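Heads up: the sequence shown is residues -25 to -1, 1 to 280, going by mature numbering (1 follows the signal peptide of the UniProt record, and there is no 0). We put the CB at the ideal spot given by N, CA and C, even for glycine. Nothing here was measured: the structure is a model prediction, and the numbers come from that model.
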Amino acid sequence: MGTVRGVVCAFTAAMAFMFASGSHAAQDAGAKDDPLTKPIALEYADAFGEPGAPRLVHGATWALGSPMLSVTVIDSGEGLLLIDAGLAQWAPQIATELAMIGHDIRDLRYILSSEPHYDHASGIAALVRASGAQVVASAAGAAVLRAGHSERNDPQLGELFAYPPVASVRTIADGETIVLGDLVVTAHATPGHTPGSMSWSWRSCAGPQGAPNCETIVAAASLTSRTDGTYRFSAPANAAALSAFREGLARLAELDCDRVIAGHPAHAQASGATGAEPCRRLGRYYAKALDAQLAAESGQESGVN
Ligand SMILES: [Zn+2]
């Protein structure tokens, strides 16, 4: 792919994105009047950043998101698979970035969702409209995507934004796979941050066919134990959710994992998961944060802070 072709394709992709919206208003006024790309959570814009140019991660895996929020695309050779979509207003830019690596948005076959919070999922509806891609999520994640908002079983409910719902979501369970050409992506249930949080792994190969350099990449859901101040992980009613959270963190730590892509890249940096044993380090980092959250909750109960 040459630079010139990339630029031309990027322009074509932006046009295709608008036409695919099927709305004259969207074509005339651009994304701001389009309900599916209407900017969301602008007060957190600095915390989420802006998507830059596509960065090659390894083999045919690319990072399209910002340094603060991951959007990952894998080129299977028989279509593209996206993991998370980022913010609703990013959708046209994601289409442009796909063009920069030589693909039309309509090459997108699957969008896998790691969690149904607005920062990772509010762009899914717009990307589906432009591509016809199949969305895949856990059963609990799919319920939120279809509604466009969470319920009280989400620890962050009180501070979340609603977003454009996703009409059709295929559900997947722990250990099941999505196959696209030679690409096999395995789902790993890692609930806790949301009831349906899901992490994903695949084998990536680069280099010559005779001597390929292969590794297992894990796209880990963001597994912080942040709450809206009302939800309590230590509440008896949430005991099952808490034990599922711990099991998911243990599962993440034990994964076959040469490289991790964290939902928020800063978590990989803070946990040392950019080096050896990345998933183990990331799992322990989130487990420590959960312990701290539980300690804070018990301090509140006893009046000690
Ligand atoms: Zn979240």
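Backbone secondary structure at residue i - three-state DSSP
i, result
"alanine 60", "coil"
"alanine 196", "coil"
"methionine 75", "helix"
"valine 154", "strand"
"leucine 135", "coil"
"histidine 242", "helix"
"histidine 33", "strand"
"histidine 92", "coil"
"alanine 38", "strand"
"aspartate 50", "strand"
"arginine 234", "strand"
"isoleucine 103", "With the sequence shown as reference, residue 103 is identified as valine, and isoleucine is not the correct amino acid for it. It is helical."
"leucine 227", "helix"
"leucine 269", "helix"
Reference residue i, options the options, closest by Cα
i, options, result
"arginine 84", "Leu73, Gly116, Pro91 and Ala262", "Leu73"
"arginine 121", "Gly171, Ala271, Leu227 and Ala35", "Gly171"
"alanine 100", "Leu55, Leu62 and Cys189", "Leu62"
"phenylalanine 220", "Arg201, Asp231 and Ala237", "Arg201"
"glycine 54", "Ala137, Gly77 and Asp82", "Asp82"
"tryptophan 177", "Ala194, Ala115 and Ala214", "Ala194"
"threonine 12", "Thr199, Ala115 and Ala70", "Ala70"
"glutamate 18", "Gly123, Leu87, Leu135 and Gly34", "Leu135"
"glycine 116", "Gly133, Leu132 and Ser88", "Ser88"
"proline 29", "Pro14, Ala22, Ile58 and Met75", "Met75"
"glycine 163", "Ala215, Ala142, Asp231 and Ala96", "For the record, residue 163 in the displayed sequence is histidine; it is not glycine. Answer by Cα proximity: Asp231."
Length of the line joining the Cα atoms of residue i and residue j
i, j, result
"serine 41", "glycine 27", "6 angstroms"
"methionine 43", "valine 235", "15 angstroms"
"glutamine 68", "threonine 161", "27 angstroms"
"tryptophan 37", "leucine 31", "4 angstroms"
"glutamine 109", "glycine 204", "35 angstroms"
"isoleucine 192", "proline 211", "36 angstroms"
"glycine 274", "alanine 264", "15 angstroms"
"tyrosine 206", "asparagine 128", "8 angstroms"
"serine 218", "serine 246", "22 angstroms"
"alanine 196", "glutamate 90", "7 angstroms"
"glycine 156", "glycine 52", "7 angstroms"
"alanine 271", "proline 130", "15 angstroms"
"arginine 226", "aspartate 94", "24 angstroms"
"phenylalanine 208", "aspartate 79", "43 angstroms"
"glutamate 25", "tryptophan 65", "8 angstroms"
"leucine 257", "glutamate 190", "18 angstroms"
"histidine 239", "tyrosine 261", "12 angstroms"
"glutamate 126", "leucine 158", "34 angstroms"
"alanine 267", "threonine 199", "11 angstroms"
"alanine 60", "aspartate 50", "16 angstroms"
"serine 174", "aspartate 9", "30 angstroms"
"alanine 118", "proline 183", "43 angstroms"
"proline 187", "alanine 35", "13 angstroms"
"aspartate 21", "proline 140", "25 angstroms"
Residues that DSSP places opposite residue i in a beta bridge
i, result
"asparagine 128", "The partner list for asparagine 128 (beta bridge, DSSP) is empty, contrary to what the question assumes."
"tyrosine 85", "Leu56 and Gln109"
"glutamate 222", "Per DSSP, none; premise fails for glutamate 222."
"threonine 174", "According to the sequence shown, residue 174 is serine rather than threonine. Looking at the DSSP assignment, serine 174 forms a beta bridge with His163."
"glutamate 190", "Ser179"
"arginine 121", "None, per the DSSP bridge assignment."
"arginine 256", "None, per the DSSP bridge assignment."
"valine 141", "Paired residues: none, contrary to the question."
"threonine 249", "DSSP output for threonine 249 lists no bridge partner at all."
"leucine 44", "Ser41"
Chain C contact for residue i (CB, 8 angstroms cutoff)
i, result
"aspartate 157", "This model lacks chain C altogether; it includes just one protein chain."
Handout entry: Test item, CB below 6 angstroms from any non-hydrogen atom of ligand 1
Key = Here the residues come out as Glu90, His92, His168 and Ser197.
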